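Visitor: In the working numbering, each residue carries its 1-based index in the sequence shown increased by 43.
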Amino acid sequence: MKEISPCDLFLKIEEYSKNLKVPLVSLIALKRRSDFSILISAILSSRTKDEVTGRVMENFLKKVKDFNDLKKLKVKEIEKLIYPVGFYKVKAKILKRLSKEIIEKYGGKIPDKFEELVKLPGVGRKVANLILIEIFKKDEICVDTHVHRISNRLGWVSTKKREETEEKLKEIFPREYWSRINRTLVAFGQGICKPLKPLCKICPVEPFCPKIGLNSKK
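#1: Can you tell me whether Pro238 is buried or exposed? The criterion is at least 16 other CB atoms within 10 Å of its CB, across all chains shown.
#2: Since Asp187 and Ser222 should fall inside the 8 Å C-beta cutoff, what is the C-beta to C-beta distance between them, to a whole number of angstroms?
#3: Going by the CB atoms, is the gap between Ile145 and Phe103 shorter than 8 Å?
#4: For Leu228, which three-state DSSP category applies?
#5: Tell me the start and end of each unbroken alpha helix (DSSP H) in the region 151-203 that is at least 4 residues and wholly inside, in chain order.
#6: Among the candidates Met100, Lys254, Gly198, whose CA atom is the shortest distance from the CA of Tyr126?
#7: Beta-carbon within less than 8 Å of Thr202's beta-carbon, same chain only, minus the 5 sequence neighbours each way: which residues are those?
#8: Look up Leu141 in the DSSP assignment and say whether it is helix, strand or coil.
#9: Counting Cβ pairs closer than 8 Å, one from the region 129-136 and one from the region 49-64, do we hit at least three?
#10: Under the three-state reduction of DSSP, which class applies to Arg98: helix, strand or coil?
#11: What do you get for Asp93, buried or exposed, if any count of 16 or more other CB atoms within 10 angstroms of its CB means buried?
#12: Using a Cβ-Cβ cut-off of 6 Å (strictly less than) and excluding sequence neighbours within five positions of Asp78, which residues of its own chain qualify?
#13: Hey, how far is the Cα of Pro247 from the Cα of Gln233?
#14: Considering only residues of the same chain and omitting the five flanking positions on each side of Leu54, which have a CB-CB separation below 6 Å?
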């Protein structure tokens, strides 16, 4: 295996991932429509494939433009709009509560502090960091299943929990890399470095990869 620094390896992955045609690309386009769509799609995408989230968000945004629209809906109406995302009944209740809190506590504006974001219904550490990156352009690292898996597979970290991965990555990478890590590794994880059957034979960084956690070389 060839030696390469994490930063140089990331740059190779980033350049390659820009041209991948994966579900993340269409989902990003939907997210960019508004701050509202970024937050809603982030919550709906939990335990749901990006292609499903993308289809649901396309339909959802035709009928719901902001938190005021969302607050007016009944939970059953929200359920119908967000089906078939994972745990859609639970998420419908979360979105109803979310709209109420953001309107009543924050005047309809999404807060820009991590401590405030994680108090919102449906917003955990991953979503909060994503919001800080996408909406407020802050330097944070959003660790989802792809980032956690690939960072361990490449040997950048050796962690069990996503929060540990976030902390270690912040030690490894300069701040200017942080906000780019999630989007790059999610695209790479969807297109090449898949969970069970990574496409190692066509992977542009295969010579540098220790394949940690894989039973055999693909």
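For glycine and all other residues, C-beta sits at the position ideal for the given N, C-alpha and C.
As the structure is a computational prediction, the values presented were derived from the model and not from experiment.
Guide: Let's see:
#1: exposed
#2: In fact, because the Cβ distance is near 14 Å, the residues do not count as touching under 8 Å.
#3: no
#4: helix
#5: 157-160, 168-177, 188-196
#6: Met100
#7: His191, Ser194, Asn195, Thr208, Lys211
#8: helix
#9: no
#10: helix
#11: buried
#12: Ile153, Ile178
#13: 15 Å
#14: none
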